[in-house]
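Okay, so here's the structure we're looking at.
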Ligand code: HAM
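In my numbering, the protein residues as written are 29 to 453.
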């Protein structure tokens, strides 16, 4: 019996690895430029870490978590997102005790039991940042600036930044009352889940993907008309900074995002080229109350996460190519006979000691098929070790890109080899 990977998971190899590494390397470089440092948290946490932060009534907690009991009967959950884990780690390790903001980034796999489709996986990868400790709108703008720069650096054009403010807990009380009043007459037309949400958590009705529920919400009161003066000023401040940074945005009053922890500014980057409801490449927002609710100090925070899988998918779809030649030059050492293998190993050792990427043919085949393979596998040089090379001590080096060939004396001209390979950098 052959075994397949579980539904909604994916193996990465070949070209996808190149895209993925390019995405991750670009992000790492930018995170460094924006002064974020890396944090790695466990892939699973006690279930409460997620249920208490994301919210009991959310789709993620109610339907999508991979939760299991360990051998001692404790409830654990594979992380569905990174923010809750970072907050748990921040408090546990008192990372807030020095200078604020604490600026952290993470790269990791997340798990959600969703119905898999294009761009929606059960195991997927995120790049995320959390900027913790400062409540002013300049930080919201900086976080969105970073998100925007990332997609720009990858080579994307025409992405849309949606932004909204869902206010603080104070403005939300008034809004929820109005929303409930509006929804009650439509109760019978809402789906079963949303009927229950009217009383328990009506904001979560905005996350419902069902057409009927979405239609009813079209004319509903919108949260951003209920902002208190502080939240209004904050939002105007963010939009103003975005203008200064020349970042285009669309205010979308229907944007609420599916987590209970958000306050004030929330945002998403979407692509109109992804023709499904799963068109967000990244999203985030403020969560000013979460750290305190978790038992930590009363400090505000904001952040975002980017979906690596969706970013990769769209890069391929839009034919966004990156310069593969930027990779280090690679050398393929072709040995023509078992008796010459020790000579060939000497050459490979020399190259690897100099940190050049190189490999050797472990199975002896004919030269032309080995050269074809070197070309197909994007090696830049082939070093040939055959009878002539062993007898004369002059190895043959082929520059595969330039169709040029050189004879270099192995004992006396090693530096020439290095220079030749370096010329490709
Ligand atoms: P999120 O919007 O749930 O936010 O996820 C961020 C991104 O992860 C999405 O825009 C999408 O690209 C990707 N993503 C989410 N679910 C899937 C899936 N099932 N398959 C493939 N990709 C997916 C968060 O996770 C928040 N923690 C972001 C945040 C950080 N807010 C504040 N700080």
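Cβ atoms here follow ideal geometry from the backbone N, Cα and C, with glycine treated the same way. In this text the structure is predicted, and so the values were computed from the model without any measurement.
Below-7 Å beta-carbon distance, residue 49 vs any chain C residue: The structure shown contains no chain C; it holds only a single protein chain.
Coarse secondary structure for residue 265, derived from DSSP in three states: Walking along the chain shown from the start, residue 265 turns up at place 237. DSSP places residue 265 in helix when its eight states are reduced to three.
The segment 131–139 / the segment 337–349 touching (three or more Cβ pairs under 8 Å): no
Among 158, 145, 125, nearest to residue 113 - alpha-carbon criterion: As a working note, residue 113 is residue 85 in the chain shown. With distances taken between Cα atoms, residue 113 lies closest to 158.
Residue ranges of each beta strand (DSSP E) within the segment 177–228, 3 or longer: 187–193
Three-state secondary structure (DSSP) of residue 71: Reading the chain shown from its first residue, position 43 is the one you call residue 71. Three-state DSSP puts residue 71 in coil, outside helix and strand.
Pair within 7 Å by beta-carbon distance, residue 195 and residue 128: Counting from one through the chain shown, the residue named residue 195 turns up at place 167. Counting from one through the chain shown, the residue named residue 128 turns up at place 100. Going by C-beta atoms, residue 195 is not nearer than 7 Å to residue 128.
Which of helix, strand or coil DSSP assigns to residue 284: Working through the chain shown from its first residue, we reach residue 284 at position 256. Three-state result, residue 284: coil.
Buried versus exposed, by CB contacts within 10 Å (16 or more), residue 200: Along the chain shown, read from residue 1 onward, the residue named residue 200 stands at position 172. Counting Cβ neighbours within 10 Å, residue 200 comes out buried, since at least 16 surround it.
Rounded separation between residue 94 and residue 83 - CA only: The sequence position of residue 94 within the chain shown is 66, counting from 1. The sequence position of residue 83 within the chain shown is 55, counting from 1. Taking the straight line from one Cα to the other gives about 16 Å.
Nearest residue (CA-CA) to residue 154, options 413, 148, 138, 164: Against the chain shown, residue 154 aligns to sequence position 126. Considering only alpha carbons, the answer is 138.
Residue 380 versus residue 446 - alpha carbon distance: Against the chain shown, residue 380 aligns to sequence position 352. Against the chain shown, residue 446 aligns to sequence position 418. Residue 380 and residue 446: Cα-Cα distance of roughly 11 Å.
Where the alpha helix (DSSP H) through residue 415 begins and ends: Here residue 415 refers to the residue found at position 387 of the chain shown. Residues 415–420.
Neighbour-count burial assignment, residue 91, 16 or more Cβ in a 10 Å radius: Position 63 of the chain shown holds residue 91. With fewer than 16 Cβ atoms within 10 Å of its Cβ, residue 91 is classed as exposed.
Near the ligand HAM: residue 104 beta-carbon under 6 Å from a heavy atom: In the chain shown, the residue the question calls residue 104 occupies position 76. For the ligand HAM, not one heavy atom lies less than 6 Å from the Cβ of residue 104.
The ligand HAM heavy atom lying under 6 Å from the CB of residue 109: Residue numbering aside, residue 109 sits at position 81 when the chain shown is read from its first letter. Checking every heavy atom of the ligand HAM against the Cβ of residue 109, one is found closer than 6 Å.
Inter-stretch contact (C-beta, 8 Å, three-pair minimum) for the segment 68–86 and the segment 171–182: no
Residue 353 versus residue 310 - alpha carbon distance: The count along the chain shown starts at 1 and reaches residue 353 at position 325. The count along the chain shown starts at 1 and reaches residue 310 at position 282. Model confidence at residue 353 stands at a pLDDT of 45, short of 50, so the residue's coordinates are unreliable; what they give is reported in the following sentence. If you take the alpha carbons of residue 353 and residue 310, they lie about 28 Å apart.
Neighbour-count burial assignment, residue 216, 16 or more Cβ in a 10 Å radius: Taking the first residue of the chain shown as position 1, residue 216 is located at position 188. Its Cβ having fewer than 16 others within 10 Å, residue 216 is exposed.
Opposing strand residues paired with residue 409 [DSSP bridges]: Walking along the chain shown from the start, residue 409 turns up at place 381. For residue 409, which the question treats as bridged, DSSP gives the partners 359, 427.
Contact under 7 Å by Cβ, residue 104 with residue 152: Position 76 of the chain shown holds residue 104. Position 124 of the chain shown holds residue 152. Cβ distance not < 7 Å, so residue 104 and residue 152 don't count as in contact.
Heavy atom of the ligand HAM within 6 Å of residue 337 beta-carbon: The sequence position of residue 337 within the chain shown is 309, counting from 1. Because some heavy atom of the ligand HAM lies under 6 Å away, the Cβ of residue 337 counts as near it: yes.
Three-state class that DSSP yields for residue 164 in the structure shown: For the purposes of this step, residue 164 is taken as the residue at position 136 of the chain shown. Three-state DSSP puts residue 164 in coil, outside helix and strand.
Touching by the beta-carbon criterion (3+ pairs, under 8 Å), the segment 317–336 and the segment 367–386: no
Residue 154 Cβ short of 6 Å to the ligand HAM heavy atom set: Here residue 154 is taken as the residue at index 126 of the chain shown, counted from 1. True, at least one ligand heavy atom lies under 6 Å from that Cβ.
Residues that residue 134 bridges to, as DSSP identifies them: Here residue 134 refers to the residue found at position 106 when the chain shown is read from its first residue. In DSSP, residue 134 forms a bridge with 156.
Distance cut-off 6 Å: residue 142 Cβ against heavy atoms of the ligand HAM: Locating residue 142 in the chain shown gives position 114, counting from the first residue. Checking every heavy atom of the ligand HAM against the Cβ of residue 142, one is found closer than 6 Å.
Touching by the beta-carbon criterion (3+ pairs, under 8 Å), the segment 385–398 and the segment 356–366: yes
Cutoff 7 Å; reference residue 356; Cβ partners in own chain excluding five residues on either side: If you number the chain shown from 1, residue 356 lands on position 328. Closer than 7 Å at the Cβ level, and outside the excluded window around residue 356, lie 385.
Residue 156 and residue 333 closer than 7 Å at C-beta: Position 128 of the chain shown, counted from the start, is the residue given in the question as residue 156. Position 305 of the chain shown, counted from the start, is the residue given in the question as residue 333. Cβ atoms of residue 156 and residue 333: closer than 7 Å.
Given 8 Å, three or more beta-carbon pairs between the segment 203–212 and the segment 244–255: yes
Start-end ranges of the beta strand (DSSP E) lying completely within the segment 375–401, minimum 3 residues: 385–388
Collapsed DSSP secondary structure at residue 297 in the structure displayed: Reading the chain shown from its first residue, position 269 is the one you call residue 297. In this structure, residue 297 counts as strand in the three-state DSSP scheme.
Cα-Cα separation, residue 295 to residue 50: In the chain shown, residue 295 corresponds to position 267, counting from 1. In the chain shown, residue 50 corresponds to position 22, counting from 1. Approximately 25 Å, taken between the alpha carbons.
CA nearest to the CA of residue 402, picked from 387, 414, 391: Your numbering for residue 402 matches position 374 in the chain shown. The shortest C-alpha separation from residue 402 is found at 387.
Segments of 4+ residues assigned as alpha helix (DSSP H) that fall wholly inside the segment 56–116: 75–82
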